[in-house]
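2 protein chains.
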Amino acid sequence: MDNRTGHRIVPETAAPRGDRLAERHAAARYGNRPTMKDVAARAGVGLKTVSRVVNGEPGVTADTERRVQEAIEALGFRRNDSARVLRKGRTASIGLVLEDLADPFYGPLSRAVEEVARAHGALLINGSSAEDPDREQELVLALCARRVDGLVVIPAGDDHRYLEPELRVGVATVFVDRPAGQIDADVVLSDNFGGARDGVAHLIAHGHRRIGFIGDMPRIHTAAERLRGYRTAMADAGIPVTDSWTSLGVTDPQRVRRAAEEMLSGPEPVTAIFAGNNRVTVTVVRVLAERSRPVALVGFDDFELADLLQPGVTVVTQDAAQLGRTAAERLFSQLDGALLTPERTELPTRLITRGSGELPPAD
Amino acid sequence: MDNRTGHRIVPETAAPRGDRLAERHAAARYGNRPTMKDVAARAGVGLKTVSRVVNGEPGVTADTERRVQEAIEALGFRRNDSARVLRKGRTASIGLVLEDLADPFYGPLSRAVEEVARAHGALLINGSSAEDPDREQELVLALCARRVDGLVVIPAGDDHRYLEPELRVGVATVFVDRPAGQIDADVVLSDNFGGARDGVAHLIAHGHRRIGFIGDMPRIHTAAERLRGYRTAMADAGIPVTDSWTSLGVTDPQRVRRAAEEMLSGPEPVTAIFAGNNRVTVTVVRVLAERSRPVALVGFDDFELADLLQPGVTVVTQDAAQLGRTAAERLFSQLDGALLTPERTELPTRLITRGSGELPPAD
DNA sequence: CTGAAAGCGCTTACAG
DNA sequence: CTGAAAGCGCTTACAG
Chain B
1 MDNRTGHRIV PETAAPRGDR LAERHAAARY GNRPTMKDVA ARAGVGLKTV
51 SRVVNGEPGV TADTERRVQE AIEALGFRRN DSARVLRKGR TASIGLVLED
101 LADPFYGPLS RAVEEVARAH GALLINGSSA EDPDREQELV LALCARRVDG
151 LVVIPAGDDH RYLEPELRVG VATVFVDRPA GQIDADVVLS DNFGGARDGV
201 AHLIAHGHRR IGFIGDMPRI HTAAERLRGY RTAMADAGIP VTDSWTSLGV
251 TDPQRVRRAA EEMLSGPEPV TAIFAGNNRV TVTVVRVLAE RSRPVALVGF
301 DDFELADLLQ PGVTVVTQDA AQLGRTAAER LFSQLDGALL TPERTELPTR
351 LITRGSGELP PAD
Chain U
364 MDNRTGHRIV PETAAPRGDR LAERHAAARY GNRPTMKDVA ARAGVGLKTV
414 SRVVNGEPGV TADTERRVQE AIEALGFRRN DSARVLRKGR TASIGLVLED
464 LADPFYGPLS RAVEEVARAH GALLINGSSA EDPDREQELV LALCARRVDG
514 LVVIPAGDDH RYLEPELRVG VATVFVDRPA GQIDADVVLS DNFGGARDGV
564 AHLIAHGHRR IGFIGDMPRI HTAAERLRGY RTAMADAGIP VTDSWTSLGV
614 TDPQRVRRAA EEMLSGPEPV TAIFAGNNRV TVTVVRVLAE RSRPVALVGF
664 DDFELADLLQ PGVTVVTQDA AQLGRTAAER LFSQLDGALL TPERTELPTR
714 LITRGSGELP PAD
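Those protein sequence lines, which keep their order, are chains B and U.
Sequential numbering of the first sequence, starting at 1, is according to the working numbering.
Sequential numbering of the second sequence, starting at 364, is according to the working numbering.
What follows is the structure in structure tokens.
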């Protein structure tokens, strides 16, 4: 019997699983976690003394401390940080809003932000916007409502005025990968323009003139910058660009495949392709693998195994982890009150030649 | 001249950047975000009326509501969820502790957990344990102190008794990928044993008898199960296993490379390798690419571009997203009070043949 | 339809 | 060395 049904009381260690879980469940429903007040009562001390012990503050005799510790363990007390936060102001947590945690570019970036947060004693709350501006805003504001100390945002939208009340009130904010829209905020970027320009110039240097560009939706800053890099490299070489050589849009395999196949057919097919990001590159590699005539390829973003493909894939690489680390460090500088002026930080890209970008035109 | 120095007041839109930021900074220092009390004062209503409007509760005239809304916008009010949580009990957030967000296996898993959380109106807080049991415990307890409603854990350690007080008090918990140690908790796993056994049997069916196994540290449940699958397949085929054919340990490239090279040299080299996870597989692919004699390979875990390598890499695949989704759904079932008995859920694996696993022994 | 009072579980500021 | 009181910003339970 247990105490509710009036039957025999079974020691907890011997209790059948169902009973223990029912207990657990009841506990959950009534939310009866022990509080400092409970600990104080059990230890026969005041509330403030418990607080001192829990927070390792000085001014408690060894004997008192021991009694409090015993009560803490007996009750299974754990400080409620929600209450603490309410009093102290800071939550020791930061928010990260990105496009998709499952993307191999954002995983390392997120991890890097987490490591910096950890070094500052903060937890990371993250959310994926799925490239949807409304969802980005929803997430950002939910994080603000939780009173995160700061926010790292890889924006999906291009209007961030909804953040103004938060900024005014002191929420530290750093944008990464793409700049904020309509507001003045810190941003850490890769040199998307320069990287793309160099990658395309590399293809031109290897004899190509009909070069295609397949990128993400033009409203995405990185996509627009890389396209600009492509156009600049072509213009610098005095090569006029035909409309059919550029294709921007969602980067799902179907669309990219179609775009690549169109550029590669017709009377004047491209002899080389510049792929605007890792997802595009991978799909283009698949398309090229099905064709007999060699086509040169340079992709923006490095990816695992790029060196093991035949030929190895030449890429313009950016350092996702460094992007995250830099942004997070700036965020904590803001929180320390060190930074007053929003700044734009641009990290360099690097060309890695592996074969695909050095193929001559198959004319 | 601004209001602090006593000089001319410049309208905010025209204020030099530094001044606006100084203001922002001052606001942050004093933490003076508007509260419901401020809104109530400005709108000339009671606190409870503001609460009603903010939470969309009925019983407010259109006119009153409008006045409150105006005050909210004028002040840039945003409800403080920390305070709300303190009163309501639930935080509408769940925690996810995994090994490394940057690992291509965990990214999709994390994203899947996030999607389920989102469908239940909850945010996701995640942390990487870096395969360190102490760090796992630290993270889990920090999440409990924040009073997450539930916890999804990919454990690094093998003793989770530290969670007992939390479980007793009703924190919903689901383990994923590996079971909990020393406590009774829900767990969602892949069929690591069966998957590895089938993969090795596949190599045996293609004529191999000297088959190597390279896996993760044996204290990791998945590594131990996959090794058991390997041994079982070998035993089922009546093939005695030589010690030098199995190598378990950290999966960094250096160690894996050395392990592979040792198995592939000597008087009786292996003719096939079973790689215990995605990181191992990738390194083994590199080692094999440097050798002239073909060696068969089957890897546990699928990875991008496995089909484009020469030969394509045969793998045993598990569904990381499905693992995360299943775990998160079970977590919310627990929170809804539906589940009373901890359960073990095992998801199937699948063999994908692409060439590398069908190579005959090069004897 | 509206609001004053009490309380969630802590920390702060102060007094003994 | 120790503790009672006030308050963080909300919601709950209740009264008008």
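Just so you know, even glycine gets a beta-carbon here, dropped at the ideal spot from N, CA and C.
Predicted, not measured: the structure shown is a model, and the values here were computed from it.
In summary, the residues of the stretch 522-543 of chain U whose CB is separated from some CB of chain B by less than 7 angstroms are P528, L530, R531, V532, G533, in the order they occur in the chain.
Residue contact with chain U for E114 (chain B): present (Cβ-Cβ distance below 7 angstroms to some residue of chain U). CA-to-CA, the gap between T716 (chain U) and T677 (chain U) works out to about 5 angstroms. At a cut-off of 7 angstroms between beta-carbon atoms, Q673 (chain U) makes contact with chain B.
The shortest C-alpha to C-alpha distance from V200 (chain B) to any of B:S190, B:V116, B:T326, B:G212 is the one to B:G212.
Contact check between the stretch 260-273 of chain B and the stretch 226-237 of chain B: fewer than three CB pairs, one atom from each, fall below 8 angstroms, which does not count as touching. C-alpha of Q617 (chain U) to C-alpha of R531 (chain U): approximately 44 angstroms in a straight line.
The CB of V645 (chain U) comes closer than 7 angstroms to the CB of E304, L305 in chain B, given here in chain order. Taking H483 (chain U) as the centre and dropping the five residues before and after it, the same chain places the C-beta of F695 closer than 7 angstroms to its C-beta, in chain order. Rounded to the nearest whole angstrom, the CA to CA distance from P108 (chain B) to L671 (chain U) is 24 angstroms. In the DSSP annotation of this structure, R396 (chain U) is not part of any alpha helix (DSSP H), being labelled neither H nor E.
Under the three-state reduction of DSSP, F468 (chain U) is assigned to coil, being neither helix nor strand. Nearest to R146 (chain B) by alpha-carbon distance, out of U:R453, U:L461, U:R498, U:L627, is U:R453.
Under the DSSP assignment, R226 (chain B) falls in the alpha helix (DSSP H) whose first and last residues are 221-236. Those residues of the stretch 499-515 of chain U placed with their C-beta closer than 9 angstroms to a C-beta in chain B are L502, L504, A505, L506, C507, A508, R509, R510, ordered along the chain. With respect to D540 (chain U), A519 (chain U) sits apart: the two C-beta atoms are not nearer than 7 angstroms. Take L710 (chain U), set aside five residues on each side of it, and the residues of its chain with a beta-carbon closer than 8 angstroms to its own are V551, L552, S553, D554, Q681, D682, Q685, L686, T689, in chain order. DSSP places T349 (chain B) outside both helix and strand once states are collapsed to three, so it counts as coil. Straight through space, the alpha carbons of L459 (chain U) and R707 (chain U) are spaced by roughly 19 angstroms. Counting C-beta atoms within 10 angstroms of its own C-beta, N278 (chain B) has 16 or more neighbours from the protein chains shown and is therefore classed as buried. Contact of V85 (chain B) with chain U is assigned, a C-beta pair being separated by under 7 angstroms. DSSP places L514 (chain U) in the uninterrupted beta strand (DSSP E) bounded by 513-516.
Partner residues in a beta bridge of S696 (chain U), as assigned by DSSP, do not exist. Counting C-beta pairs with one atom in each stretch, the stretch 213-220 of chain B and the stretch 244-264 of chain B have three or more that are closer than 8 angstroms, which means they touch.
For the options B:S129, B:A43, B:R286, B:P360, the alpha carbon positioned closest to that of D63 (chain B) is the one of B:A43.
Per the C-alpha coordinates, the member of B:F193, B:L86, B:Q310, B:A122 positioned closest to H221 (chain B) is B:F193. Interface annotation, L351 (chain B): not in contact with chain U, CB-CB separation never under 7 angstroms. In terms of beta-carbon proximity, D444 (chain U) lines the interface with chain B, with at least one pair separated by less than 7 angstroms. By the C-beta density criterion, Q673 (chain U) is exposed, having fewer than 16 other C-beta atoms within 10 angstroms. The beta carbon of L651 (chain U) sits no closer than 7 angstroms to any beta carbon of chain B. Under the three-state reduction of DSSP output, S628 (chain U) falls in the coil class, being neither helix nor strand. Of all residues in the stretch 51-71 of chain B, none has a C-beta nearer than 9 angstroms to a C-beta of chain U.
Classified as buried, L487 (chain U) has 16 or more neighbouring CB atoms from the shown chains inside 10 Å of its CB. Secondary structure at N640 (chain U): coil, using DSSP grouped into helix, strand and coil. Restricted to the stretch 172-203 of chain B, the beta strand (DSSP E) segments that are unbroken, complete and at least 3 residues in length are 172-176, 186-190, listed in chain order. Across the set B:V316, B:R258, B:F300, the C-alpha of B:R258 shows the shortest separation from the C-alpha of L288 (chain B).
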